[in-house]
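As structure tokens, the structure follows; a few thoughts come after it.
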Amino acid sequence: DIVMTQSPDSLAVSLGERATINCKSSQSVLYNSNNKNYLAWYQHKPGQPPKLLIYWASSRESGVPDRFSGSGSGTDFTLTISSLQAEDVAVYYCQQYCSTPPTFGQGTKLEIK
Amino acid sequence: QVQLQESGPGLVKPSGTLSLTCAVSGGSISGNNWWSWVRQPPGKGLEWIGEIYHGGNTNYNPSLKSRVTISVDKSKNQFSLRLSSVTAADTAVYYCARTDRYSSSFDYWGQGSLVTVSS
Chain A
1 DIVMTQSPDS LAVSLGERAT INCKSSQSVL YNSNNKNYLA WYQHKPGQPP
51 KLLIYWASSR ESGVPDRFSG SGSGTDFTLT ISSLQAEDVA VYYCQQYCST
101 PPTFGQGTKL EIK
Chain B
1001 QVQLQESGPG LVKPSGTLSL TCAVSGGSIS GNNWWSWVRQ PPGKGLEWIG
1051 EIYHGGNTNY NPSLKSRVTI SVDKSKNQFS LRLSSVTAAD TAVYYCARTD
1101 RYSSSFDYWG QGSLVTVSS
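Those protein sequence lines, which keep their order, are chains A and B.
Using this note's numbering, the first residue of the first sequence is number 1, and each one after it goes up by one.
Using this note's numbering, the first residue of the second sequence is number 1001, and each one after it goes up by one.
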């Protein structure tokens, strides 16, 4: 299985400031046939299901605010929230779907400083 | 707008079988998508259990494969999960989700169903 490791485990950021979450995979998740990284980011709030934010490492899901962006390739990826809003408090997960089984990172808890 | 809704018993006895159903609305389960089950034990992260295509093809997480069966009922537009020989470690919120056919990410999720394994 591909192991996904996120850093940090928790993060406190002031409102309006930038938040950055990292994700590293134990193997490349770049699919050579179409040159796409099969890496997604989800936002998970208590009592709700996870919400897809980013797919293919950097493509924003429809309806997701543009303050959320994803970057990276191969084994190293980053989720950036450019200007933190109160409603962004959540746990964030990266997930690979390059190979079966799909696997998730351990999660990063984002709070307001 | 595709919607998914899990249903099933919230309490299962140890060594018993966990059974959940996911009803799909706003779209056909016979479309070009895979349908998955994902779980989250209390205080822990997300774990993919397995998936099914409307034709009946399945893929399972090797860590659970010996105990998992996922099936589909196209006439009811729903799919189901059975997990046998459960222990307290199987206590979790169980989510059903749709895999987007282009990106392979999970784009629609049910609200989740808490299943507790206890005598």
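Virtual Cβ for every residue (Gly too), placed ideally from N, Cα, C.
Owing to the predicted nature of the structure, the values given are computational and were not obtained by experimental measurement.
Neighbour list for residue i in chain B, Cβ cutoff strictly below 7 Å
| i | result |
| --- | --- |
| A:Q106 | G1045 |
| A:A40 | S1105 |
| A:T5 | Correct list: empty, because the minimum Cβ distance to chain B is about 11 Å. |
| A:L52 | S1105, F1106, D1107 |
| A:Y97 | S1104, S1105 |
C-alpha gap between residue i and residue j, whole angstroms
| i | j | result |
| --- | --- | --- |
| B:S1063 | B:G1110 | 23 Å |
| B:T1069 | A:S28 | 30 Å |
| B:S1015 | B:V1086 | 5 Å |
| B:A1097 | A:A12 | 30 Å |
| A:Y31 | A:Y38 | 7 Å |
| A:S7 | B:R1067 | 33 Å |
| B:Q1005 | A:T80 | 31 Å |
| B:S1030 | B:V1024 | 10 Å |
| B:T1116 | B:L1018 | 9 Å |
| A:G107 | B:W1037 | 19 Å |
| A:H44 | B:K1076 | 29 Å |
| A:G70 | B:L1020 | 34 Å |
Under 9 Å by beta carbon: chain A residues contacting residue i
| i | result |
| --- | --- |
| B:P1041 | In chain order: nothing, as chain A lies at least about 12 Å away. |
| B:G1112 | G47, Q48, P49 |
| B:Y1095 | P49, P50 |
Neighbouring residues, chain A, relative to residue i (Cβ below 8 Å)
| i | result |
| --- | --- |
| B:W1048 | P101, P102, T103, F104 |
Exposed unless 16 or more other CB atoms sit within 10 angstroms - verdict on residue i
| i | result |
| --- | --- |
| B:S1118 | exposed |
| A:I116 | Because residue 116 of chain A is not part of the residues shown, which for chain A are 1 to 113, the question remains open. |
| A:Q85 | exposed |
| A:T5 | exposed |
| A:V3 | exposed |
| A:Y101 | Looking at the sequence itself, residue 101 of chain A is Pro, so the reference to Tyr does not match. Buried, because 16 or more other Cβ atoms sit within 10 Å of the Cβ of A:P101. |
| A:N34 | exposed |
| A:K36 | buried |
| B:S1113 | buried |
Chain-ordered chain B contacts of residue i [CB-CB under 8 Å]
| i | result |
| --- | --- |
| A:Y93 | G1045, L1046 |
Cβ of residue i within 8 Å of any chain D Cβ
| i | result |
| --- | --- |
| B:N1061 | The chain labelled as chain D is not found among the protein chains of the depicted structure, namely A and B. |
| request: Identify every run of the beta strand (DSSP E) within the stretch 1044-1084 of chain B, keeping only runs that are complete inside it and at least 3 residues long; order them along the chain. | output: 1047-1053, 1058-1060, 1068-1073, 1078-1083
| task | Would you list, in sequence order, the uninterrupted beta strand (DSSP E) runs of no fewer than 3 residues that lie entirely inside the stretch 76-103 of chain A? | result | 76-81, 90-96
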